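Residue numbers (our numbering): 1149 to 1781. The beta-carbon is built from N, C-alpha and C at its ideal position, and this holds for glycine as well. The model shown is predicted, which means the values in this text are computed figures rather than measured ones.
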């Protein structure tokens, strides 16, 4: 039970910090004290997470050497929603296995580094605002870890919505800026489109199998389900992943989410929350594997997303939006790997991407903090003035481009090999082209910001140690993270996270490594020729790809399509409902009221208050009754 106890400790750290900051306003108003509380909570969670991973790894190594199955999962659950019968409707607890433990280690590590970095980045914030920021950070860390350790789909959905709420709060942290407020609302509603599918899929599965539990679904529920129904449920679950992990066509929220503070972008919108969809597909992979057609759809959507997002990163002038579209593209790699039957390769890329993409965002944040702008056109030749962010960004860029020996090379090659071995030639070709585009747009940003022929104006300097320290840690991990692709003491990464001793990361051979490195090198060389040497005119290059560049700058019309859909369906429907309410419902009521008033006016005229008039009326009525009686008789 050591695994479940450590999982509870991991959850208790950020939860305790969030509760303490939430119920003690005086503590929250003291920004540095609130930061210390949050840092202590997440640091304790990180220690417990690393202890959990090491314990599970030792168990796995012993099992592998003994020819036994590794310890795959340990669950601790309590009744949550009682119902008639021996079992509750749902349980609440933790589900611990190597996949969850590894994801928890990534979340706690990046969260700790980002919170530490934020002390320098947000140093000019008022104490109350800083305390509010660390409250949101602790709440997010707890929510993300609750999602990771969820033993059933219902608990996962609760924490799924909580991380969405935290994302909304942190994107709109500077809520007095209209752009930040709009971006927060957009992220909230676009992801909710996918969340509806996830909720419907969960309910359908429960309605048929009678359980939300992962293990019960996989071992007993899935084999008994009709293929068509199972495909429907898997597709609905994937729709939730499409929204959260920013896949086509719901990725439009992620670039706008860059309106939040840069440390938020590094944590939530690069390394953790946006990978929740990939984690869901990996966690529920036996369900998806039962419907190969859905896996093919996942692979194709991921590959197209990776390619389209990379083309949009090529034309961005905001350094954070370059990285945002890059994140969308790399999430497409992860999804394509899962759809190709190589979820371990996709999960490995999730880990390495968490290292180097968080590094890139924090390095960009150091530049933005000094330059007070996100615009690459206002930067240039910053390498000498800011050596630490320059080195960090170059290391992250080399890892992102897939250059050996950096971590991104190992994971990206595993993804490409998995797609190739699955026989999906179309997605493989798209991902191969995306390798070239990734290297090009990454080093385009590097040369524009840190090299080139323009000298940025202003006073630039290296970040303080509290910001530089996390950069060096992530830079180291972006290099040594390549070791995750190796076997350690007879246990491979794939065997560890899947629990299958025979599982291994896909390998494509020397030709695939050579192809990947050659494409990345070609992209870097192209960026150097255009943006460092200036041998090719940027204006001429832009003109050569005029229509395509314009389409990429416009987001291929997706935002426009959503706006048109909003105007045509939502606003149009609201106009129709308003007209019916105004002229039909209210019209009938108003017409009846008007005639009632007119009748009242007419009848009021008969009430004169004179006795002779009432006598005349009684007499007339009596005569009328006599005439009617005579006529009927």
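Task: the segment 1485-1499 contacting the segment 1546-1563, beta-carbon criterion three pairs below 8 Å - done: yes
- [ ] Output yes if chain B places a C-beta closer than 9 Å to the C-beta of residue 1254; else output no.
- [x] Checking the listed chains, one finds no chain B in this structure; it contains a single protein chain.
- [ ] Assign residue 1594 to buried or exposed, taking buried as 16 or more other Cβ atoms, counted over all protein chains shown, within 10 Å of its Cβ.
- [x] buried
TODO: Please report the residue range of the beta strand (DSSP E) in which residue 1239 lies.
DONE: 1238-1244
- [ ] Tell whether a beta-carbon distance below 9 Å holds between residue 1545 and residue 1508.
- [x] yes
- [ ] Decide if residue 1587 is buried, meaning its Cβ has at least 16 other Cβ atoms within 10 Å, or exposed.
- [x] buried
TODO: Measure how close the beta-carbons of residue 1442 and residue 1482 come, nearest whole angstrom, since I'm counting them as under 8 Å.
DONE: Not a contact, Cβ separation roughly 16 Å.
Task: Spatial distance of residue 1646 from residue 1423 (CA atoms) - done: 18 Å
Task: Residue from 1354, 1641, 1529, 1598 with nearest C-alpha to residue 1204 - done: 1641
Task: Beta-carbon gap between residue 1179 and residue 1289 smaller than 9 Å - done: no
TODO: Could you have a look at residue 1624 and say whether DSSP puts it in helix, strand or coil?
DONE: helix
TODO: May I ask which residues mark the beginning and end of the alpha helix (DSSP H) holding residue 1306?
DONE: 1301-1319
Task: Assigned secondary structure, residue 1710 (DSSP; H/G/I helix, E/B strand, else coil) - done: helix
Task: Sheet register partners of residue 1225 (DSSP bridge) - done: 1241
TODO: Could you check the C-alpha separation between residue 1196 and residue 1176 for me, to the nearest Å?
DONE: 26 Å
TODO: Report the rounded CA-to-CA distance for residue 1302 versus residue 1167, giving the unit in angstroms.
DONE: 23 Å
Task: Best match in 1158, 1160, 1181 for proximity to residue 1169 [C-alpha to C-alpha] - done: 1181
Task: Per-residue burial, residue 1446 [other beta carbons within 10 Å of its own, 16 or more giving buried] - done: buried
TODO: May I have the straight-line CA-CA distance separating residue 1218 from residue 1246, to the nearest angstrom?
DONE: The predicted model places residue 1218 with a pLDDT of 49, which falls under 50 and marks its position as unreliable; any figure quoted below should be read in that light. The straight-line gap from Cα to Cα measures roughly 10 Å.
Open item on the list: Short of 6 Å in beta carbon distance, which residues of its chain neighbour residue 1294, apart from the five on each side in sequence? Order them along the chain.
Closed with: 1307
Open item on the list: Considering only their Cβ atoms, is the gap separating residue 1370 from residue 1434 smaller than 9 Å?
Closed with: yes
- [ ] List the DSSP bridge partners of residue 1639.
- [x] 1636
Task: Cβ shell of residue 1582 (< 7 Å), same chain only, five flanking positions each side left out - done: 1454, 1455, 1458, 1477
TODO: Note down the Cα distance separating residue 1395 from residue 1312, rounded to an integer number of angstroms.
DONE: 16 Å
Task: Where residue 1361 falls, given that 16 or more other Cβ within 10 Å makes a residue buried - done: buried
Task: Spatial neighbours of residue 1860 in its chain, beta-carbon cut-off 6 Å, leaving aside the 5 residues before and after - done: No statement about residue 1860 is possible, as the shown extent of the chain runs from 1149 to 1781 and does not include it.
TODO: Taking 9 Å as the cut-off, decide whether the C-beta atoms of residue 1152 and residue 1226 are in contact.
DONE: no
TODO: On a CA-only basis, which of 1615, 1533, 1484, 1741 is nearest residue 1513? Give me that one, please.
DONE: 1615
TODO: Could you check the C-alpha separation between residue 1387 and residue 1349 for me, to the nearest Å?
DONE: 9 Å
Task: residue 1621 versus 1599, 1297, 1543, 1705, residue with shortest Cα-Cα distance - done: 1543
Task: Minimum C-alpha distance to residue 1619 - residue among 1665, 1540, 1634 - done: 1540
Open item on the list: Just to confirm before moving on: does the CB-CB distance between residue 1530 and residue 1538 stay below 9 Å?
Closed with: yes
Open item on the list: I need the DSSP call for residue 1404, collapsed to helix, strand or coil.
Closed with: helix
Open item on the list: Excluding the 5 residues flanking residue 1304 on each side, which residues of the same chain have their C-beta closer than 7 Å to its C-beta?
Closed with: 1295, 1298
Open item on the list: Cutting at 7 Å between CB atoms, please list the residues of its own chain near residue 1240, excluding the five before and the five after it.
Closed with: 1225, 1226, 1228, 1303
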